[in-house]
Amino acid sequence: MNNITNDCRFLGRLVSDPNLIKTKNDVDLVTFTLAIPEYRKERTGEKKRNVSYFDFEAWDTGATTIAKYSRKGDEIFVHASARPNNWTDKAGRKNYQVKFRVKEFKLFNYHSDDKETGDTQEEEVTQEEFNTV
Numbered sequence: 004m005n006n007i008t009n010d011c012r013f014l015g016r017l018v019s020d021p022n023l024i025k026t027k028n029d030v031d032l033v034t035f036t037l038a039i040p041e042y043r044k045e046r047t048g049e050k051k052r053n054v055s056y057f058d059f060e061a062w063d064t065g066a067t068t069i070a071k072y073s074r075k076g077d078e079i080f081v082h083a084s085a086r087p088n089n090w091t092d093k094a095g096r097k098n099y100q101v102k103f104r105v106k107e108f109k110l111f112n113y114h115s116d117d118k119e120t121g122d123t124q125e126e127e128v129t130q131e132e133f134n135t136v
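Quick note on the working numbering: the sequence shown kicks off at 4 and runs consecutively.
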């Protein structure tokens, strides 16, 4: 077991439009949440659907690509690593969150940067490598 890695892969739908911001250091950062369905069979034989929600962040050119070409409801494949995000709030309570940092992604819907038109092209947009901070 010498090859243990922090490697996660997800296929899900965007819960809302990605949120693109510029950091203090003038670096693009996009955050988004994916809804990922999971199906399981009950003892009765009935198929049951459960949806989990996971938070992601992408940096630099990956951030701008995701923000420009995707929107709420779009399907996206994400290859990411899990990152702990721990903090103490003003009331002194410790908070723990896992956020996933995007390494690679594939968009299955391509939208122009004019999100108001509703135009969708069938072409896939892939951003395989980009700088991470």
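Where a beta carbon is used, it is the ideal one built from N, C-alpha and C, also for glycine.
Apart from the five residues on each side of it in sequence, which residues of its chain come closer than 6 Å, Cβ to Cβ, to residue i?
i, result
"Glu-78", "Arg-16 and Phe-111"
"Leu-14", "Phe-80"
Taking just the CA atoms, how far does residue j sit from residue i?
i, j, result
"Asn-9", "Asp-29", "28 Å"
"Glu-45", "Asn-53", "12 Å"
"Glu-60", "Phe-103", "6 Å"
"Pro-40", "Gly-48", "18 Å"
"Asn-12", "Leu-37", "In the sequence on display, residue 12 carries Arg and not Asn. For Arg-12 and Leu-37, the distance between alpha carbons rounds to 12 Å."
"Asn-95", "His-114", "Checking the sequence, you will find Gly at residue 95 rather than Asn. About 44 Å."
"Gln-100", "Pro-87", "6 Å"
"Asn-98", "Asp-58", "15 Å"
"Arg-74", "Lys-93", "34 Å"
"Lys-51", "Lys-27", "45 Å"
"Tyr-56", "Phe-35", "10 Å"
"Arg-43", "Trp-90", "35 Å"
"Asn-6", "Lys-25", "35 Å"
Specify the secondary structure class of residue i as computed by DSSP and reduced to three states.
i, result
"Gly-65", "helix"
"Glu-125", "At Glu-125, the pLDDT of 40 sits below 50, so the modelled position is not reliable; the number obtained from the coordinates is stated separately. Three-state DSSP puts Glu-125 in coil, outside helix and strand."
"Lys-50", "strand"
"Lys-27", "coil"
How would you write the range of the beta strand (DSSP E) that residue i sits in, first residue to last?
i, result
"Phe-108", "97-110"
"Val-33", "31-44"
"Glu-78", "78-91"
"Ile-7", "Premise fails: Ile-7 is in no beta strand (DSSP E) and is neither H nor E."
List the whole-angstrom C-beta distance separating residue i from residue j, where the pair is believed to meet the contact cut-off of C-beta under 8 Å.
i, j, result
"Ala-83", "Leu-23", "About 18 Å separates the two Cβ atoms, so there is no contact after all."
"Val-33", "Ala-66", "4 Å"
"Lys-109", "Phe-80", "4 Å"
"Trp-62", "Asp-31", "7 Å"
Does any residue of chain C have a CB that is nearer than 9 Å to the CB of residue i?
i, result
"Lys-44", "The chain inventory of the structure shown lacks chain C, comprising one protein chain alone."
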